[in-house]
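A short worksheet on the structure shown next.
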Ligand SMILES: [Ca+2]
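Numbering (my numbering), first residue to last: -9 to 621.
Structure below.
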């Protein structure tokens, strides 16, 4: 295919976009995937040759003749603006041409129409009403779950079991019975026992399986994804203090930093940020008291759906934080989602603590506070209540906020399998992570490991032309852009690893090893003489012992609701979730009294359908766990 054809195709596509989506000029909404995806991009290979796997075995079928190239229609959840920029660069769009070449290898070429995220649901719904849906389009996370379940029940999607049967191998490697992404198939489990959605995954190359007393977590967690109550060690040290070891020491230390104006701006503005007044208020200190990160999320080892106020530590948590509120050590309606809000608040250089992945807050502090000495470090793991296990949030190494389905009216299982085999192919993996062979990377002598030229000593941005690099600006890559390109580092990486304990990971040089960087180099690059906070936190886990921790999840894993479940949950969710959150907030700010906690709980049972909501959510989680073969 030549570039003129791409441009012609694009023109056709643009017309379609106008028809579909009233030509929205707004950029696509940012997705909530930034938290984990941002951590997958710097991973690289090192030159170790031990323990390597031969992942170069690809299942690409023999290249078909040109007349056998099928056109597959795909509706992207994207404006197409970035794609347009690249498509128009004649002779300078090697990565895009490579993507097309890869499609040809699998016997098709995608014909993409675009619909921006904001109008995607409307577009799909109206195309559905007029019977003009493309062969493949985004469903999970893209159209509402009631519609999705209804359309599944009406037979509008191909059975993924049937699609899998036509796979030449890659889809089986990912989603087959023993596939790496069994978890994603479980998430897509339908009540009829089949599945109708292929998730667009978000996985780094390496992860850790945490084994609690009651068994392993349902999915692995990121090596760099362990959260810590990150606290200003530089401020503590300037007061002659060390890292607090328990809630009382922490409170006293926070009070001193506040009273003694530790940031020296003449105001007693030093405080902690926990997202009080938001859905995230149980983060951090809440984990000391055994609370889940979010209400109605499930315990990642046993799948039990959790609500903070039903936990024995809830009253103590609220009482403890009430002291902070009374001393202006925490404000109401401040903070929120840790990944979204951090930089803004840190800029005022008055935040004592925040709860998020360790390195992230450390580096955010160094770049946003304007204070060269800023050093956020993770506090030890703390259990504040007798008989209640300490918790920490360990962010899952597998995530899928989006999924695609195949239109049973105009797509065959064979066509769907071609598309999916290409999306999850070794060839696509290269353009996602390394760019163009011979330009941005080459194989090492062993023919397995990869030499990434951008990591060579002395490499500077611009040395390799952008069109050859995976991380080009104005990228058309992305979860649901011109062609779906997942984060699937683990599927083909010769350096992929799964560790069964934090100590095993540390012994293997993690978390430095996953970034392909030695400890000494990391220190030199960052001009510090101490270990990175992710390493400290991994050691905290190893020393405290995984079995002694009741890990809390960042992502929830459950199947879609049935139509009936969706209706009931839809009716209850808003009032119930608002109320449950308000109980915590009002206890902390003193509007409610902990002595009356049982009354507040009873109100939710009696008037807001608390038990009914939990039961339905539990049924959805149970279906997921069953599909995983766990319970
Ligand atoms: Ca101050």
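Each residue gets a CB set at the ideal place from its N, CA and C atoms; glycine is no exception.
All values reported here derive from a predicted model rather than from experimental measurement.
For residue 384, the uninterrupted beta strand (DSSP E) run begins and ends at 384 to 386, by DSSP. Closest in alpha carbon position to residue 327, among 268, 560, 348, is 268.
Residue 483 has its Cβ no nearer than 6 Å to any heavy atom of ligand 1. Looking at 577, 619, 612, the one whose alpha-carbon comes closest to that of residue 298 is 577. Contact annotation, residue 190 with residue 392: C-beta distance approximately 5 Å; criterion of less than 8 Å satisfied. The continuous stretches of beta strand (DSSP E) do not include residue 135, which lies in the alpha helix (DSSP H) extending over residues 135 to 143.
No heavy atom of ligand 1 is found nearer than 6 Å to the CB of residue 192. For residue 193, the CB contacts under 7 Å within the same chain, skipping 5 residues up- and downstream, are 387, 388, 477, 478, 479, 480 in chain order. Shortest gap from the CB of residue 257 to any heavy atom of ligand 1: under 6 Å. A distance below 7 Å separates the beta carbons of residue 544 and residue 383. Within the stretch 215 to 260, complete alpha helix (DSSP H) segments of at least 4 residues are found at 223 to 228, 237 to 249, given in chain order.
Counting C-beta atoms within 10 angstroms of its own C-beta, residue 255 has fewer than 16 neighbours from the protein chains shown and is therefore classed as exposed. DSSP places residue 513 in the helix class (H, G or I) of the three-state scheme.
Between the alpha carbons of residue 406 and residue 126 lies a gap of roughly 8 Å. 7 Å or more divides the Cβ of residue 66 from the Cβ of residue 467. Relative to ligand 1, the beta carbon of residue 361 is positioned no closer than 6 Å to any heavy atom. By the criterion of at least three beta-carbon pairs nearer than 8 Å, the stretch 213 to 224 is in contact with the stretch 364 to 380. Taking a cut-off of 8 Å for Cβ pairs, the stretch 527 to 538 and the stretch 493 to 508 touch, as three or more such pairs fall below it. In this structure, residue 488 and residue 73 do not form a Cβ contact; the two beta carbons are roughly 35 Å apart against a cut-off of 8 Å. Assigned with DSSP and collapsed to three states, residue 130 falls in coil, not helix or strand. In the structure shown, residue 295 falls within a strand segment according to DSSP collapsed to helix, strand and coil. For residue 396, the three-state secondary structure derived from DSSP is strand. No heavy atom of ligand 1 is found nearer than 6 Å to the CB of residue 224. Between residue 178 and residue 171, the beta carbon gap of about 10 Å keeps them out of contact (Cβ cut-off 8 Å).
Distances from the CB of residue 339 to the heavy atoms of ligand 1 are all 6 Å or more. Secondary structure of residue 367 (DSSP, three-state): strand. Apart from sequence neighbours up to five positions away, the residues of its chain that approach residue 593 with a beta-carbon distance below 8 Å are 569, ordered along the chain.
Residue side-chain check: residue 251 places its Cβ nearer than 6 Å to a non-hydrogen atom of ligand 1. About 6 Å separates the Cβ atoms of residue 281 and residue 303, confirming a contact at the 8 Å cut-off. Close CB contacts of residue 493 within its chain, under the 6 Å cut and outside five residues either way in sequence, are with 532 (chain order). At a Cβ-Cβ threshold of 7 Å, residue 151 and residue 133 do not count as neighbours. Around the CB of residue 451, fewer than 16 other CB atoms lie within 10 Å, so the residue is classed as exposed.
The beta carbon of residue 295 sits closer than 7 Å to the beta carbons of 286, 288, 604, 607, 608, 611 from its chain, once the five residues preceding and following it are set aside; these are given in chain order.
Residue state for residue 212 is assigned as strand, using DSSP reduced to three classes. Boundaries around residue 66 are those of the beta strand (DSSP E), 60 to 67, since no alpha helix (DSSP H) includes it.
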